[in-house]
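Take any residue in the sequence shown, note its place counting from 1, add 6, and you have its number in our numbering.
We put the beta carbon where it would ideally sit given N, CA and C, even for glycine.
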Amino acid sequence: MGHGLLSRLGAVANTTGRQIVAIDVRELDETSRRYCHHTFVGDICDRGLLDRLQSQFEITEIFHLAALLSTRGEFVPETAHAVNVVGTVNLLRLAAEEARAHGRRVKFIFPSSIAVYGLPDLATKRAAGRVNESQFLEPHTMYGVNKLEGEHLGRYYARHYRLLAKDRLERPIDFRSIRFPGIISSDTVPSGGTSDYGPEMIHAAASGKPYACFVRPDSKIPFMTMPEAIDALLKLADAPESSLSRQIYNVSAFSPSAEDFAVLVRKAFPTSEISFVPDLARQSIVDSWPEDLVDDAARRDWGWSPSHTLQTAFDHYLVPKIRAHYA
Ligand code: SER
């Protein structure tokens, strides 16, 4: 998502006047670097690096995309907490200090996730159907716990930070967050997530590899395409604050079962070999995530509207782009 966002922000940087400073744990590729005024290789847990950024730049807006996802996080929960929560606190603090130093609020855009939800069992998930922003907030994974905490931290730093301090700056941060479903990109295969079976299935088929899907065919969670996800982030970031009735928004596009997904993959790539070999632990994570989301507030407040159905996502984005990618 970071790379896609960089190219979108970079493409309009001349008109918006935004200068982009990027941090990644790995060296950015040449194309991404072109969009940036400055790049740093480093870790958001490194307070020294963030102090350097603060002294070198006047920061007006932060897109905080760094995280360890839900599958990876279950192998190293404390590391996930360090990156996902302590890293988030470091950036929120940086934003608040920037606001104090320059006397203006800093915008903070935080992608949250369907992983914040935790439905207790499959029967409850099926009965619940579409879930709104305040239901079932008892995540099963460290990543989900961390994202939910990130949302609370954002609300705290935006509204109540240093509540009792005499020299307190009121509302230093304009915090906005989207709970994303699984995201499918034509360019990259994700790693360490539990919604990865969607993108893995289609990338495997396009590159001529067999794929054993790690969830049951009837498993159902919401997905969207990467360009839509980036559109959503930018739309929320640019919305006038007066139109926002909340800080955390669900967005939804399409909600296929893993079998629905496989049917379209097989149609597009007739020689693909897809089997279902559920991994019970990863399955339990998917079963704890909602089938679909109520996203009325995002539609009403900042004009969210998905650009794809499952079918058009395949026909107009995934299949042509992934084919070109592996050609
Ligand atoms: N894609 C994420 C994951 O699978 C969910 O937000 O962990």
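Here GLU157 has PHE116, SER118, VAL122, SER183, GLN253 and ILE254 as same chain residues with Cβ atoms under 8 Å from its own Cβ, once five neighbours each way along the sequence are excluded. Rounded to the nearest whole angstrom, the C-alpha separation of PHE114 and ILE68 is 5 Å. Contact check for GLY124 and HIS146: beta-carbon distance about 5 Å, within the 8 Å limit, so the pair qualifies. Non-local C-beta neighbours of PHE63 in its own chain, meaning closer than 7 Å and more than five positions away in sequence, comprise VAL27, ordered along the chain. Secondary structure of THR318 (DSSP, three-state): helix.
For LYS113, the beta-bridge partners assigned by DSSP are GLU67 and ASP180.
Between ligand 1 and LEU98, a heavy atom-to-CB distance of less than 6 Å is absent. Linking PRO205 to VAL292 through their CA atoms gives a straight-line distance of about 15 Å. Here LEU170 is exposed: its Cβ has fewer than 16 other Cβ atoms, across all protein chains shown, within 10 Å.
In the structure shown, the three-state DSSP call for ASN256 is strand. Excluding residues up to 5 positions away in sequence, ALA245, SER249, LEU250, SER251, ARG252 and TYR255 lie with their Cβ nearer than 8 Å to the Cβ of ASP307 in the same chain. Boundaries cannot be given for MET7, as no alpha helix (DSSP H) includes it and DSSP labels it neither H nor E. Annotation for ALA243: ILE115 place their beta carbon closer than 6 Å to its own, counting only its chain and skipping 5 residues before and after. Counting the other Cβ atoms within 10 Å of the Cβ of PRO228 gives 16 or more, which makes it buried. For ALA121, the Cβ falls inside the 6 Å cut-off from some heavy atom of ligand 1. Residue state for SER290 is assigned as helix, using DSSP reduced to three classes.
Two segments are said to touch when three or more pairs of C-beta atoms, one from each, lie closer than 8 Å; by this definition the region 149 to 165 does not touch the region 216 to 226.
For PHE229, the uninterrupted beta strand (DSSP E) run begins and ends at 229 to 231, by DSSP.
Here SER281 is bridged, per DSSP, to ALA218. The shortest CA-to-CA distance from ARG329 to any of VAL269, VAL283, THR194 and ALA304 is the one to THR194.
Taking VAL257 as reference, the option from LYS172, ILE189, ARG106 and GLU247 with the minimal CA-CA separation is ILE189.
When C-alpha distances from GLU80 are compared across SER191, ALA287 and ARG305, the shortest belongs to ALA287.
Relative to the non-hydrogen atoms of ligand 1, the Cβ of THR231 never comes closer than 6 Å to any of them.
Following the DSSP letters along the chain, one finds ILE190 inside the beta strand (DSSP E) bounded by residues 188 to 190. Taking the C-beta atoms as reference points, ALA211 is found no nearer than 7 Å to TYR149. The alpha carbon of SER61 has as its nearest neighbour, out of ALA238, ALA101 and VAL31, the alpha carbon of ALA101. C-alpha of LEU56 to C-alpha of GLY8: approximately 18 Å in a straight line.
Counting only the Cα atoms, THR45 lies some 41 Å from ASP266. In the structure shown, THR21 falls within a helical segment according to DSSP collapsed to helix, strand and coil. ARG185 is bridged by DSSP to SER118 and ASN256. Distance from the C-beta of LEU242 to the nearest heavy atom of ligand 1 is not below 6 Å.
Bridge partners of SER263 according to DSSP: LYS226. Taking 3 residues as the minimum length, the region 119 to 157 contains no beta strand (DSSP E) run wholly inside it. Under the Cβ criterion (8 Å, minimum of three pairs), the region 297 to 312 counts as touching the region 128 to 145.
Counted as a single uninterrupted DSSP element, the beta strand (DSSP E) harbouring ASP30 occupies residues 27 to 30.
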